[in-house]
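Below is one structure, written out as structure tokens; the observations come after it.
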Amino acid sequence: MSINLKPETLARIDEAITHYPVKRSAALPLLHLVQEDLGHVSQESMEWIAAKLEVPAIAIYELVTFYPMFRQKPIGRRHIKVCRTLSCALSGSYRTCKEFEKHFNTYPGEVSPDGEVTIEFVECLASCGSGPVVMIDEELHEKVDQARACQLAVRISAEAAARK
Ligand code: FES
Numbered sequence: 086m087s088i089n090l091k092p093e094t095l096a097r098i099d100e101a102i103t104h105y106p107v108k109r110s111a112a113l114p115l116l117h118l119v120q121e122d123l124g125h126v127s128q129e130s131m132e133w134i135a136a137k138l139e140v141p142a143i144a145i146y147e148l149v150t151f152y153p154m155f156r157q158k159p160i161g162r163r164h165i166k167v168c169r170t171l172s173c174a175l176s177g178s179y180r181t182c183k184e185f186e187k188h189f190n191t192y193p194g195e196v197s198p199d200g201e202v203t204i205e206f207v208e209c210l211a212s213c214g215s216g217p218v219v220m221i222d223e224e225l226h227e228k229v230d231q232a233r234a235c236q237l238a239v240r241i242s243a244e245a246a247a248r249k
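Just add 85 to wherever you are in the sequence shown, counting from 1, and you've got our numbering.
This is how it looks when you write it as structure tokens:
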């Protein structure tokens, strides 16, 4: 069985395994690497990791279902993460999220109808004094009130249109 990982990811996986005295201890790093490459961890990916680490597939499945950061479904092309931890929640992150939802016609955890965006609530993004904090793909945005969320959403839509 094989999954469609980039050669760099395969190399990082082989390297990660060498950091542990027993292969099965590399399960979490491998799950992160696979998700980083493919956007989610499918059933097939779990089986591939299990075979790679010589553990039963159920051991990998248990990790994926236990830790909320692992996704079993594909996400949109752009990933918007809105912090909902206390400081950000108090500074309006739920309203920020609603603005993104309205613009992309979707809900947290779902892919927008055009496949372009997934919005998710996440826990603290380590910039608590400048909330609401949002990450769009790998880029951190601070003080994202509703007006700023609207600007960012318009920018994302314009970038999507430019690709078509
Ligand atoms: S509470 Fe949102 S970044 Fe820490």
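Ideal placement from N, C-alpha and C gives every residue a C-beta, glycine not left out.
- For Val196, the shortest C-beta to heavy atom distance toward the ligand FES is 7 Å or greater.
- Rounded to the nearest whole angstrom, the CA to CA distance from Ala111 to Pro198 is 36 Å.
- Residue pairing for Lys166: DSSP places it in a beta bridge opposite Glu205 and Met220.
- From the listed residues Val149, Pro106 and Glu208, the smallest Cα separation to Val119 is found for Val149.
- For the pair Leu115 and Ile98, the CB atoms are nearer than the 8 Å cut-off.
- For Gly161, the number of other beta carbons within 10 angstroms of its own is at least 16, and it is reported as buried.
- Within its own chain, the residues whose Cβ lies closer than 7 Å to the Cβ of Thr94, once the five positions on either side in sequence are excluded, are Leu118 and Asp122, listed in chain order.
- Cβ-Cβ separation between Ser178 and Cys213: approximately 11 Å, too far for a contact (criterion under 8 Å).
- With contacts defined as CB atoms closer than 8 Å, Ala238 and Phe185 qualify as a contacting pair.
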